[in-house]
Amino acid sequence: ASAEMENGGSMNLLDYGEALWENAEKNRYILCRFMNPNKLTSYLRQCKVIDEQDEDEVLNSRLLESKVNRA
């Protein structure tokens, strides 16, 4: 019975993770406009979420210009 609870708990955690990603996707425009990529990308590299190439692409892409960077 405890194995079933563990599996059920894992599924709930997966559903929760998917819901968080879905929420981030829905709000991507707002997040991209107002977040400072210089602060965020260094943190994401430190956590090994992105690599150096990803960081360069984010920091140098004209398509990803944020309101913060234009000010």
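So the sequence shown is residues 1 to 71, counted in UniProt numbering. The C-beta atom is built at its ideal place from N, Cα and C for all residues, glycine as well. All values reported here derive from a predicted model rather than from experimental measurement.
How many angstroms separate the CA atom of residue i from the CA atom of residue j?
{"i": "residue 33", "j": "residue 56", "result": "18 Å"}
{"i": "residue 47", "j": "residue 26", "result": "24 Å"}
{"i": "residue 22", "j": "residue 39", "result": "23 Å"}
So, for residue i: in the same chain, excluding its five sequence neighbours on each side, which residues have a beta-carbon less than 7 Å away from its beta-carbon?
{"i": "residue 20", "result": "none"}
Assuming residue i and residue j are in contact, meaning their beta carbons sit under 8 Å apart, how far apart are those beta carbons, in whole angstroms?
{"i": "residue 24", "j": "residue 31", "result": "7 Å"}
Go through its chain and collect everything with a Cβ distance to residue i's Cβ below 6 Å, but skip five positions before and after it.
{"i": "residue 50", "result": "44"}
Give me, in chain order, the residues of the same chain whose beta-carbon lies closer than 8 Å to that of residue i; leave out the 5 immediate sequence neighbours on both sides.
{"i": "residue 52", "result": "45"}
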